[in-house]
Every structure is written in C-alpha cells, then in structure tokens.
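Top to bottom, those sequences are chains U and D. So in the working numbering, spot 256 of the first sequence is number 299, and the numbers just go up one at a time. So in the working numbering, spot 109 of the second sequence is number 213, and the numbers just go up one at a time. A virtual CB, placed ideally from N, CA and C, is assigned to each residue, including glycine. Comments concern the structure below.
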Amino acid sequence: MRAVLTLLGPRWRAGRRGRSGPGARWRTLVFLVAGGAFWAGIFAVTFRVLTYFQSVEGLGDVLARKLLSMVLVTCLALLVFSAILTSLTKLYLSRDLFLVHSMPVDSGEVFASRWLESAFDSAWMVVIYLLPVFLSYGLIYRAQILFYLDIGLAIVPLCLLSAALSALAVMVLVFLLPANRIRSIFVFLGLAVLIILYVTFRLLRPERLVDPEAFNTVMIYLNAMQSPSNPWLPSTWVYDSLVAALSGRDGACLFNAGLCWSAAAFVFLLDLQVARWIYFPGFSKTQTTRSRLIRSRGSGWFGVLRFLPGPIRALVVKELTAFWRDETQWSQVFIILALIGIYLYNFSVLPLNKSPLPTVYLQNLLSFLNVALAGFVLTAVVGRFAFPSVSMEGDAFWIVRSAPVSINAFLWIKVAIYVLPLVVLSEVLIVASNLLLRVTPFMMALSSVTLFFLTPAVVALGVGLGAAYPDFSSENPAQSVTSMGGLIFMVASAALIGSVIVVEAGPVYSILLSEIHGRALTAVQWGWLIVSFTVAALLSVLGILLPIRLGRRRLEG
Amino acid sequence: MIELQGIHKRYGRYEAVRDLSLTVRRGELFGFIGPNGAGKTTTIRIISGLLAPTRGTVRIDGIDMAREPVRAKRRIGLIPDRPFLYEKLTGMEYMRFIADLYGVELGRTDGRAVELLEMFRLSDRVHELIESYSHGMKQRLVMASALLHAPAVVVVDEPMVGLDPEGIKMVRDLFRRLAGEGTTLFMSTHTLSLAEDVCDRIGIIHNGGLVATGGLEELRAAARVAGGGLESAFLALTREERSP
Numbered sequence: 044m045r046a047v048l049t050l051l052g053p054r055w056r057a058g059r060r061g062r063s064g065p066g067a068r069w070r071t072l073v074f075l076v077a078g079g080a081f082w083a084g085i086f087a088v089t090f091r092v093l094t095y096f097q098s099v100e101g102l103g104d105v106l107a108r109k110l111l112s113m114v115l116v117t118c119l120a121l122l123v124f125s126a127i128l129t130s131l132t133k134l135y136l137s138r139d140l141f142l143v144h145s146m147p148v149d150s151g152e153v154f155a156s157r158w159l160e161s162a163f164d165s166a167w168m169v170v171i172y173l174l175p176v177f178l179s180y181g182l183i184y185r186a187q188i189l190f191y192l193d194i195g196l197a198i199v200p201l202c203l204l205s206a207a208l209s210a211l212a213v214m215v216l217v218f219l220l221p222a223n224r225i226r227s228i229f230v231f232l233g234l235a236v237l238i239i240l241y242v243t244f245r246l247l248r249p250e251r252l253v254d255p256e257a258f259n260t261v262m263i264y265l266n267a268m269q270s271p272s273n274p275w276l277p278s279t280w281v282y283d284s285l286v287a288a289l290s291g292r293d294g295a296c297l298f299n300a301g302l303c304w305s306a307a308a309f310v311f312l313l314d315l316q317v318a319r320w321i322y323f324p325g326f327s328k329t330q331t332t333r334s335r336l337i338r339s340r341g342s343g344w345f346g347v348l349r350f351l352p353g354p355i356r357a358l359v360v361k362e363l364t365a366f367w368r369d370e371t372q373w374s375q376v377f378i379i380l381a382l383i384g385i386y387l388y389n390f391s392v393l394p395l396n397k398s399p400l401p402t403v404y405l406q407n408l409l410s411f412l413n414v415a416l417a418g419f420v421l422t423a424v425v426g427r428f429a430f431p432s433v434s435m436e437g438d439a440f441w442i443v444r445s446a447p448v449s450i451n452a453f454l455w456i457k458v459a460i461y462v463l464p465l466v467v468l469s470e471v472l473i474v475a476s477n478l479l480l481r482v483t484p485f486m487m488a489l490s491s492v493t494l495f496f497l498t499p500a501v502v503a504l505g506v507g508l509g510a511a512y513p514d515f516s517s518e519n520p521a522q523s524v525t526s527m528g529g530l531i532f533m534v535a536s537a538a539l540i541g542s543v544i545v546v547e548a549g550p551v552y553s554i555l556l557s558e559i560h561g562r563a564l565t566a567v568q569w570g571w572l573i574v575s576f577t578v579a580a581l582l583s584v585l586g587i588l589l590p591i592r593l594g595r596r597r598l599e600g
Numbered sequence: 105m106i107e108l109q110g111i112h113k114r115y116g117r118y119e120a121v122r123d124l125s126l127t128v129r130r131g132e133l134f135g136f137i138g139p140n141g142a143g144k145t146t147t148i149r150i151i152s153g154l155l156a157p158t159r160g161t162v163r164i165d166g167i168d169m170a171r172e173p174v175r176a177k178r179r180i181g182l183i184p185d186r187p188f189l190y191e192k193l194t195g196m197e198y199m200r201f202i203a204d205l206y207g208v209e210l211g212r213t214d215g216r217a218v219e220l221l222e223m224f225r226l227s228d229r230v231h232e233l234i235e236s237y238s239h240g241m242k243q244r245l246v247m248a249s250a251l252l253h254a255p256a257v258v259v260v261d262e263p264m265v266g267l268d269p270e271g272i273k274m275v276r277d278l279f280r281r282l283a284g285e286g287t288t289l290f291m292s293t294h295t296l297s298l299a300e301d302v303c304d305r306i307g308i309i310h311n312g313g314l315v316a317t318g319g320l321e322e323l324r325a326a327a328r329v330a331g332g333g334l335e336s337a338f339l340a341l342t343r344e345e346r347s348p
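This is the structure:
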C-alpha cells in the first residue's frame, strides 16, 4: 500500500504545483465559472423536466424513473468507454512507465497505483455532471438524507467497477495483442459502442416520454415505460438503490449499494491477481512490438501537390500524411460523420406542423438559428482538429522553429489546410438541413454565405489560440481543447458566432416579414441591411486576423 | 560566419547567458564546452533562431537573425541533442519534407538525399516509419537532413549521443571534411577528447559567461596549467570560476 501511495506522489505533487503556477488563480476561476454554468444548466433542465413529469397525473413517477434508468445506463457506457482508453494509456503507454517498472515494486502495486489514477481520470467529470441530476431528484421527491448519502455510496462503486472491468479487459487484450494496435482497435470499438448507444438512444426517441399521444393506447405506453432493466447491469443496482432511497426503503437501498461495492471489490481483487500474472509480460511485449493497422508504402502527396511552393508543400504533405497514418484521427472522423447524420436526422423529424407559429415563418426562423447551431458543431470539430494542430507538432516543433519559414507562414498554412474541408463540412450541414426545412431561397443563400465566411474565422481562431496556448509536451495533444486555451477558444468562437447572428438578426427579420406580407423593403431597411452585413463581414475578418497575430506573438515570444 | 555580440538571455530572474561575444570564422570547427547548466544549449538555440536573446545580436553569414530570420536560417543546419522527429513519416519522406522546407530543388533532392542516407547507413530503412527507428538511427537521420541543403553553418548539440563507435568515427571524419570544404561548424559537447581532437578552437562557457577561447595552448595558458590535455584546462578554468 505504501508503494502505491509513493507511486501516486508525483501525480499529486504535479497537480498541486499546476494549481499554484503563474496565472493559476485566473485559470481556476475561469474553469469554475464555465463549469459551474454548465452544472447549473444541467440542474435547471433536469429540475424543469422532473417538475413537468410531476404534473402528468398518474404517470409522473413512471416517467421520472424511466429517465433515471436511461441516465444511469448512459453513464455506465460513458464510464466504461472512458476507462478503457485511460487505463490503456496509464497502464501501457505513459512515458514514465519505464521509470516506474525499473523500480523495485511489485507488478500488482504498480497496477494498483495506475488503476487508481485511471479510475479517477475516467470518472470525475461524469460524476460531477451527474450530481445536478441527482440533486434535482432529491429536491423534487423531497428525499431523506439517506438518498444524498446513497449518491456517493452507489456512484463511487459504479465508477470503480467500470474502471476495474475495463482494466481487466485491457490487460487481457494487451497480453494477446500488441498495445499500439490495441489502442487503435479500442478507439474504433469504443466509438462504435458510443455511436450505437447514441443511435439507439435516438431511435428510442426519448421525446416520446413527454408525448403519450404518440402511442396507440395508454397501456402500450405504460408497458413501454415500465419495462424492467437488465438485473445483471451494475447501473440497474445503482438505479434500484437510488429509487429505494427515494421511497424510504432503507434496506433495499443499502442492499443494492452493497451489491455494487462487493462487485467492485471482487473485480478489483481479480484485477490485482491477473496483474501479477500478465501485466508486466504485456507491458514488456508492447515495448518490442510496433505495428499499425494500415501499412503504407509511401506518401503520394508530394507528387499530387507538386504545384505548391516548397515550404507550403512540405507542411501540407507532412500534415496530411501524419493525419492519414494516425488511426486515432480516423475514428474521430467517423464519429463526426455519425454526428452529422444524427444532426440531419433531427431536422427531418422536427414536428413543424404541430407548432402554433406559421410554418413558413418557423422554417425560416429555424434556418437562421441553424446557422448558430452549425457554427457550434463547427466549433467542436475545429476544437478537436485545428486547435490542437500546433500542439501536435510536439517535441518535433524545433524543426519548424529552426527552418527558414516564418511562424506567420506556418500558422497561415495550418489555417489553409483546415479551411477547405471544414468549409465543405459546414456547407453540407447548412444546405442539407435547409433542404430538409424547405426554407426560402433567400434564407438558403444567407445562411450558406454567412457560414462560408464564418468558417475561416472559426478555423483561424482555433489555430491562433492553439498557438497562443500550446502544449508541446502533452501525451495526448488532441485533448488540449479541454485546457484553458481550449476553453478560451470555445468561448471566443461562441461569442463570434453569436455576434454575427445578432448583427444579422434585425435585417433578416424585416426581410422575412416583407417576404411573408409581400411588401418591399424601405430605404432605411436597406441601409440597415448593408450596415449589418458589413459589420458581420468585419467581425469575420477580425476573427481571422487577430488570433493568428496573437498566436504568432506567443510562439515567437 | 557566426557572430555573437553582447548576448544576454534571462529566464525570469535567472541569467542563463550573460554578455557573450564570439566570432567563428568560415571553415572553422569551433568546440563549445562547459559544465551542466552553463548555458551551452541556450546559446545553441539562440544561434539557430529557436530562441530570441534578451539582448545582443546574432549574425549568420552577415545576416542579422532578428531582422531576417528566414534568410539566416536558410544558411544553418541544426543537429539538436535529442532527435525528435515526425514519427509518422518515413525516413525518405522526412528528407523530402526538409528539402521542400529549405527550398532545395525537387529534381536534385532524391539524389542528394539517397547519397546522405547511404553515408549515414540508413538506406535499407528509408521507407519505414521513423517511429520504428532506434535513437541512434533517428540521430543519424537528423544529421543527414541537416546537411541536405548544404548549409554554410552547421550547429551541433552533443553530436555523439546515441551513436555507435562506427557512427562516431564517421561523424568525426565528416565534420573535419566539411570544415575543410569551407563549412563552419559550431559544436557543443561534453566529450572533451572529441573537442580536443577535431576542433580548431574551443570556447569554455561557465555560469552563462565565456571564460576562455582558443586552441589547447591558449586554454592551458588561461587556466595556468603547464601540461595535460583539455580536461586539465577545463577543470581548472571551471573550478576557478566556482571558487574565486
């Protein structure tokens, strides 16, 4: 046990120093405010939904329980998915493992320290954002103190159990397969599970929870809502424990929580034993095997891009080749494609005809709001790909720094690489969703043009702020969007998109009204329109220029 | 060829390099030695344009690094102490990448790249990903790529780390040959025997300042030691500095 705590020491001390470094107070404050706002948002939405359920006579409790069950199943899936990736990294791929394994410490203890880190890293965010959901249940059902204690009592073992099961699976698979290949396969498998889960969730159509009219009879609806959960799923034990605590059945609550604890303890002890047998042999194997899912005999990009000037071709080819050969990047592309499919599917099932507003008006209003929505999707994609692109240079950044290429040119080349595919992506999103909404030609043109100009600005924001807040030593630069710089990028991008939408909203509204009423625009309205669109264009231009300047200064400084 | 004038570099309150002035002539092989933390790597980074000095100027072939960094860098080939590379490229792709970056004509690239890769005994692995290379192989690839654009100045930080005995001999001979052909070499090293054997002149840096420069005789005189090799002079000069 002492060795486990010693091995955890560097992580603990590094975390404390990270919090006391320069600008730490400001960083913590920003994180707390943003995280707190999101937390409060989850609480508000859950509380509102549960309040609504309570107003549905006779069905309120059934609906609330169904929702809780769905939340817990989703939570379990997220915990397992996250624990698989973190335990693979912590147990087999971290840079400090050579040092750790060279120490006179038993494999089981090395495993235990790594497993604890992995369990914490994979679960803390899921737990924090589950709390407002449970808090809403507690308040709505006026729960006793046992319910609040049970939140910790049942959720903690769920996290530990997920981490223990994931670690067991990872150890066995790494023992059977080489680790570099394992990571690729797991990312694919994990994402496949996530997509299947999301699609299933989407096809279950949770909106029907609040639309009993969609069912033919009340009995069918009730049956659909009350179908029992799988008793072998740990999330079912947590659900049973929480529901028992809500209804004052203390014995059932503690029994189900006990089930979770005993299962977690059993799997962890099994892990320890298995670790003594196969953890080190698996780790040793990963050091001697280097393999990739796809083998390439050479990059053809040099020939294809022969027309480009040398330095530009060099950086473009390097970026494309590295992207193509990094299997973890493709899985991200797959998930984006799946999300686009779901995004468009949501538009196709919008019940516009049930709205009290005139359909033409609503379609165009939605189309305009869709510019913001597509912009936010774009922000997420840029955050995942363009923002970390400077940090992805990693320790090899000395090559660019010492090369006869200015940092300015380097950043503009990065922007250029990402702008083309992302313009295509955002235009596909907006045009397809507009076609599904059957909007007017004016709205189609406006939203397409707006996104056409917003996309380079969002990409430049991502590249520029990624350069201003780089992390060249990160083991996983793709996750840098969750850093302080990533947060600033998200906020700045949302602010830019929001500003453009607000600036355009007035004139668009008057044009829509004039179209609906068949009136011509007045001279004042024309003037307003020109000024608004000029300001929107200026915002986009500033969004392109300022972040690149900031990124250049920070990198050169 | 390399001119450093009044170079200072501060990291917060810590002064890593102070008032460093130095000139290295064309075709000269200059050795730069000093204890750990003396300021060698900081100086190398300043010369190669990776780091801006707090004060002072760097000129490469008469070009001010601060004013025209792109022109100045085109004349330098940098070999850092740790060979961090783009692991997802093959050896040959990396050579083409460097050729494009330094504006070497594409038609000539392959021939010269092949020649260098052969010289550094990498020919049979050029189509494999760099991530599968050993440390020594990566170091040799960095050296090959640094020479691809035939730089007027080669800046080397700890050249022998990770190289096998054959590689060390080859690099030693290569550096002498390059200097003979007019290339200027600035080499930082802890291997005193290497510096003594191949360098025309040696500079000793300690606590951020240059304490002595010159050939072995001049260093001995500065250290006030009668005999012995570079090691005696080095220890005397850095010990004196430690206890004035």
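DSSP state of residue i mapped onto helix, strand, coil
| i | result |
| --- | --- |
| residue 500 of chain U | helix |
| residue 224 of chain D | coil |
| residue 214 of chain U | helix |
| residue 316 of chain D | strand |
| residue 335 of chain U | With a pLDDT of only 48 at residue 335 of chain U, under 50, the local geometry of the prediction cannot be trusted, and no value is derived from it. |
| residue 181 of chain D | strand |
| residue 292 of chain D | strand |
| residue 293 of chain U | helix |
| residue 193 of chain U | helix |
| residue 369 of chain U | coil |
| residue 351 of chain U | coil |
| residue 508 of chain U | helix |
| residue 155 of chain D | coil |
| residue 514 of chain U | coil |
Residues that residue i contacts on chain U, provided the C-beta gap is smaller than 9 Å
| i | result |
| --- | --- |
| residue 321 of chain D | Per Cβ cutoff of 9 Å: no residues; residue 321 of chain D is ~35 Å from chain U at best. |
7 Å Cβ cut-off: residues of chain U touching residue i
| i | result |
| --- | --- |
| residue 200 of chain D | 345 |
| residue 184 of chain D | 441 |
| residue 167 of chain D | Correct list: empty, because the minimum Cβ distance to chain U is about 11 Å. |
| residue 177 of chain D | 445, 446 and 447 |
The beta strand (DSSP E) enclosing residue i, as first and last residue numbers
| i | result |
| --- | --- |
| residue 143 of chain D | It is not in any beta strand (DSSP E) - residue 143 of chain D carries neither H nor E in the DSSP assignment. |
| residue 310 of chain D | 305–310 |
| residue 129 of chain U | It is not in any beta strand (DSSP E) - residue 129 of chain U instead sits in the alpha helix (DSSP H) that spans 103–131. |
| residue 659 of chain U | Since the displayed chain U opens at 44 and closes at 600, residue 659 of chain U lies outside it and no answer follows. |
| residue 133 of chain D | 133–137 |
Beta bridge counterpart(s) of residue i as assigned by DSSP
| i | result |
| --- | --- |
| residue 113 of chain D | D:121 |
| residue 107 of chain D | D:127 and D:163 |
| residue 422 of chain U | Answer is none; residue 422 of chain U lacks a bridge partner. |
| residue 150 of chain D | Answer is none; residue 150 of chain D lacks a bridge partner. |
| residue 258 of chain D | D:181 and D:289 |
| residue 301 of chain D | Per DSSP, none; premise fails for residue 301 of chain D. |
Contact check, residue i vs residue j, beta carbons under 8 Å
| i | j | result |
| --- | --- | --- |
| residue 195 of chain D | residue 176 of chain D | no |
| residue 106 of chain D | residue 128 of chain D | yes |
| residue 206 of chain U | residue 165 of chain U | yes |
| residue 50 of chain U | residue 143 of chain U | yes |
| residue 221 of chain D | residue 230 of chain D | yes |
| residue 161 of chain D | residue 309 of chain D | no |
| residue 614 of chain U | residue 170 of chain U | Limits of chain U in this structure are 44 at one end and 600 at the other, which puts residue 614 of chain U out of reach. |
| residue 339 of chain D | residue 246 of chain D | no |
| residue 359 of chain D | residue 290 of chain D | Lying before the first or after the last residue shown, residue 359 of chain D is absent from chain D, which here runs from 105 to 348. |
Bounding residues of the alpha helix (DSSP H) (the contiguous stretch that carries residue i)
| i | result |
| --- | --- |
| residue 279 of chain U | 277–289 |
| residue 367 of chain D | Nothing can be reported for residue 367 of chain D: it is not among the residues displayed for chain D, which extend from 105 to 348. |
| residue 248 of chain D | 239–250 |
| residue 277 of chain D | 269–284 |
| residue 451 of chain U | 450–480 |
Cβ-heavy atom distance, residue i to the ligand GDP, below 7 Å
| i | result |
| --- | --- |
| residue 200 of chain D | With respect to the ligand GDP, the structure offers nothing, as it holds no ligand at all. |
Proximal residues of chain D, C-beta to C-beta of residue i below 7 Å
| i | result |
| --- | --- |
| residue 357 of chain U | 201, 204 and 205 |
| residue 368 of chain U | 192 |
Under 8 Å from the C-beta of residue i: neighbouring residues of chain U
| i | result |
| --- | --- |
| residue 190 of chain D | 361, 365, 439 and 442 |
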